[in-house]
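There are 2 protein chains.
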Amino acid sequence: MKKSGQTIFLKNKPKIIASAAIVGAKEGQGPIGNCFDRVLDDVLWGEESWEKAESKFLTETAKTAIEKAGITPNKIDFMFGGDLLNQCISTNYAARTLNIPFFGLYGACSTMSLSMLLSAITVSSGAAKTCAAITSSHFCSAEKQFRFPLEYGGQRTPTAQWTVTGSGCAIISSEGEGPEIKELTAGKVTDLGVTDLNNMGAAMAPAAADTLCAHFMDTKKTPDDYELILTGDLGQVGSELLIELMKENGFDISRNHNDCGNLIFDSESQDTHAGGSGCGCSASVFCGYIAPLLAKKRIKNVLFMATGALMSPTSVQQGESIPGIAHAVSIDA
Amino acid sequence: MKKSGQTIFLKNKPKIIASAAIVGAKEGQGPIGNCFDRVLDDVLWGEESWEKAESKFLTETAKTAIEKAGITPNKIDFMFGGDLLNQCISTNYAARTLNIPFFGLYGACSTMSLSMLLSAITVSSGAAKTCAAITSSHFCSAEKQFRFPLEYGGQRTPTAQWTVTGSGCAIISSEGEGPEIKELTAGKVTDLGVTDLNNMGAAMAPAAADTLCAHFMDTKKTPDDYELILTGDLGQVGSELLIELMKENGFDISRNHNDCGNLIFDSESQDTHAGGSGCGCSASVFCGYIAPLLAKKRIKNVLFMATGALMSPTSVQQGESIPGIAHAVSIDA
């Protein structure tokens with residue numbers, strides 16, 4: 001393994017040997033609704049609380065991905081994962097059920113690429129043969145915790161994003177076939193002073209631009225080297241800002257950029273305002289839609305870069321601005 | 001790197017080239033109070049909130065450790081860290097100030113060994129030369145979030161532990177001198193059904209026993225191979241349970257086991273009941289007290305195993321039991 005700047009160049013390239021995504025009804029009705037492994041009409045999934053339901057999404061998604069990889073849970077050396085809930089309870093309780101050695105992460109909505117990045121280092125180093133990278137979010141548990149109780153029926157601002165109900169899991173291994181992970185660019189916490197909790201895209205765009213510029217500098221690549229630069233979850237507002245910020249830095253990504261938050265919902269017909277968000281957004285779009293396209297070689301390569309907003313309701317109440325982070329994973333079909 | 005069971009055997013052994021710990025006044029008055037780099041009489045450290053103060057503890061501890069390593073922050077390739085607060089805001093805002101590429105973790109009070117474990121894999125693999133492993137807790141922010149507002153003046157049960165105000169940071173590098181990290185044992189989430197939020201030691205002891213048994217089986221070691229088996233933060237209740245559980249598994253650790261929660265306070269004179277707890281407990285005891293003893297070769301070797309309770313107030317209110325986790329790091333002087 002070598003490193004230049006913020007980017008790790010993997011010598012032994014781990015493969016994404018399987019991936020799975022399970023989502024809620026609204027996500028299933030969206031433009032890519034038919035690519036998910038399962039769509040749940042009942043977002044409580046028979047559980048007593050949204051938190052327990054979210055944990056079930058994680059558990060079942062992990063089981064599905066492991067099964068698709070043709071292995072059993074005891075063949076997963078380590079699981080890397082986390083979620084948005086306080087103390088990451090959805091993932092912790094899922095890890096209890098799955099009984100796999102577990103490394104807990106918190107990267108807000110950047111967790112899918114964070115978990116893939118750390119899985120890739122671990123597999124590439126020989127410390128593990130196979131790791132699972134997983135995350136989730138749930139509209140109801142997230143609204144309850146970060147914004148208003150659902151029953152309150154609060155109005156949403158035009159810049160607000162809609163937290164995805166769903167989970168995605170990627171199985172990353174040194175053995176087997178699948179898209180190869182080549183390079184990893186670790187993000188720095190970046191903060192340009194946005195304080196509006198209902199404009200997360202704007203808060204995260206500077207972090208996305210920072211990591212993307214670092215990736216191009218470290219690898220000496222240009223945007224044209226990628227068929228797809230996939231951020232998640234900047235939504236419409238954040239995506240426009242990212243394209244603008246990259247232009248200021250001399251990179252035109254307008255032709256090959258897309259965002260998980262823009263792919264998962266049809267904002268006009270689904271009333272999701274600025275697009276999807278939540279750890280489960282980039283996780284389900286990547287694991288359900290993009291990874292299979294890579295596996296079938298319908299896409300040549302992707303730079304997958306999930307973005308996270310690292311505030312809490314407490315920090316915002318105390319007048320703090322919203323810092324963002326983005327980690328990038330470069331994947332070849 | 002090789003792996004057997006849950007244990008990774010490092011070929012290139014990273015070194016702890018420096019460590020630092022900064023704590024509050026109560027910790028400074030405890031039995032090991034004179035080993036910390038700084039003791040703050042004002043636990044607000046001039047900030048407007050406990051959360052901001054905790055973030056300052058992290059930032060200043062990182063700066064101190066980096067300075068003691070004789071390097072500058074830009075020589076730290078990656079920082080691994082997290083804390084107990086919702087969405088890990090203390091660490092996220094510290095990472096914003098420090099401007100080091102950052103991987104956010106959540107392992108509750110196991111975060112110090114989790115951050116050291118992942119730093120060690122990353123450095124040993126060649127993906128980084130130098131990483132910082134860091135965590136913190138703050139009595140006031142933790143009480144406010146997990147239990148009662150301080151102003152309420154609630155009675156504490158005899159099994160309750162006292163959250164340490166403090167932060168610890170270890171600089172882990174392939175270059176330089178210091179104690180060597182040899183083996184890493186990843187923990188599974190373990191839950192024997194404890195539901196009492198005021199008896200975390202009992203909730204975490206089964207996880208500690210599980211990881212410790214895995215470590216002995218994977219490495220073919222016995223307790224006598226270690227001069228010190230250091231858990232954190234089981235406190236008095238959890239430590240007794242761990243010794244009992246290990247005895248049932250055929251291992252007598254009674255002679256060489258100690259716990260960070262028992263070392264940091266004098267429970268009788270300091271009224272801390274079952275001992276210290278919080279990410280900052282194992283972090284400050286290890287980084288302030290044990291790592292320097294290893295560096296001076298006053299101790300031959302240590303198995304450092306921080307333990308975490310992975311519940312949240314929400315999960316406990318919903319009737320869930322408290323799952324625990326423990327990650328072990330084997331270190332030679």
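Protein sequence lines, in the order shown, are assigned to chains C and B. When we follow our numbering, the leftmost residue of the first sequence carries the number 1, and every step to the right adds one. When we follow our numbering, the leftmost residue of the second sequence carries the number 1, and every step to the right adds one. Positions of the beta carbon are idealized from the N, C-alpha and C atoms, including for glycine.
- The beta-carbon separation of M79(B) and I134(B), rounded to 6 Å, stays under the 8 Å limit for a contact.
- Rounded to whole angstroms, the separation of the alpha carbons of V189(B) and R96(C) is 5 Å.
- Ranking H327(C), M116(C), Q236(C) by CA distance to the CA of N199(C) puts Q236(C) first.
- Residue state for K68(C) is assigned as helix, using DSSP reduced to three classes.
- If only uninterrupted beta strand (DSSP E) runs of at least 3 residues are considered, those enclosed by the stretch 71-149 of chain B are 78-82, 102-104, 130-137.
- Rounded to the nearest angstrom, the gap between the Cα atoms of I181(C) and N74(B) is 26 Å.
- For the pair I121(B) and A18(B), the CB atoms are not nearer than the 8 Å cut-off.
- Within a 10 Å sphere around the beta-carbon of K2(C) sit fewer than 16 other beta-carbons, which makes this residue exposed.
- For the options S49(C), L98(C), I66(C), A127(C), the alpha carbon positioned closest to that of N12(C) is the one of A127(C).
- Against chain C, the CB of M1(B) has a partner CB under 8 Å away; the residue lies at that interface.
- The Cβ atoms of M246(B) and A203(B) lie no closer than 8 Å to each other.
- If you check the CB distance, G250(C) and C109(C) do not come in under 8 Å.
- Interface annotation, A186(B): in contact with chain C, CB-CB separation under 8 Å.
- For S173(B), the uninterrupted beta strand (DSSP E) run begins and ends at 166-173, by DSSP.
- For S125(C), the nearest beta carbon of chain B is closer than 8 Å to its own beta carbon.
- K56(B) is a Cβ neighbour of W45(B), given a cutoff of 8 Å.
- When the Cα atoms are used, I253(C) and I229(C) turn out to be separated by approximately 8 Å.
- Taking C-beta separations shorter than 8 Å and ignoring five residues to either side along the sequence, the partners of P149(C) in its chain run E143, following chain order.
- Scanning its chain for C-beta atoms nearer than 7 Å, with the 5 sequence neighbours on each side dropped, one finds around L197(C) the residues V316, in chain order.
- Interface residue (Cβ-Cβ distance to chain B less than 8 Å): M311(C) is classified as such.
- With contacts defined by Cβ atoms closer than 8 Å, G324(C) and L310(C) form a contacting pair.
- Annotation: M311(C) is outside any alpha helix (DSSP H) and is labelled neither H nor E by DSSP.
- Rounded to the nearest whole angstrom, the CA to CA distance from R298(B) to D225(B) is 16 Å.
- Per DSSP, the unbroken alpha helix (DSSP H) holding V285(C) starts and ends at 279-285.
- With a beta-carbon spacing of about 6 Å, I89(C) and E51(C) fall inside the 8 Å limit used to define contacts.
- The residues G82, L105, T135, C279, in chain order, have a CB closer than 6 Å to that of T111(B) in the same chain once the five nearest residues on each side in sequence are set aside.
- The beta carbons of F103(C) and A186(B) sit closer together than 8 Å.
- Every unbroken stretch of the alpha helix (DSSP H) spanning 4 or more residues and falling wholly within the stretch 245-272 of chain B is given here in chain order: 260-263, 267-270.
- Counted as a single uninterrupted DSSP element, the stretch harbouring F36(C) is not any beta strand (DSSP E), since DSSP gives it neither H nor E.
- The C-alpha of H273(B) lies about 6 Å from the C-alpha of Q161(B).
- With contacts defined as CB atoms closer than 8 Å, D233(C) and G288(C) fail to qualify as a contacting pair.
- For K26(B), the enclosing alpha helix (DSSP H) covers residues 25-28.
- Rounded to the nearest whole angstrom, the CA to CA distance from L242(C) to P223(C) is 13 Å.
- In the three-state DSSP reduction, K3(C) falls in the strand class (E or B).
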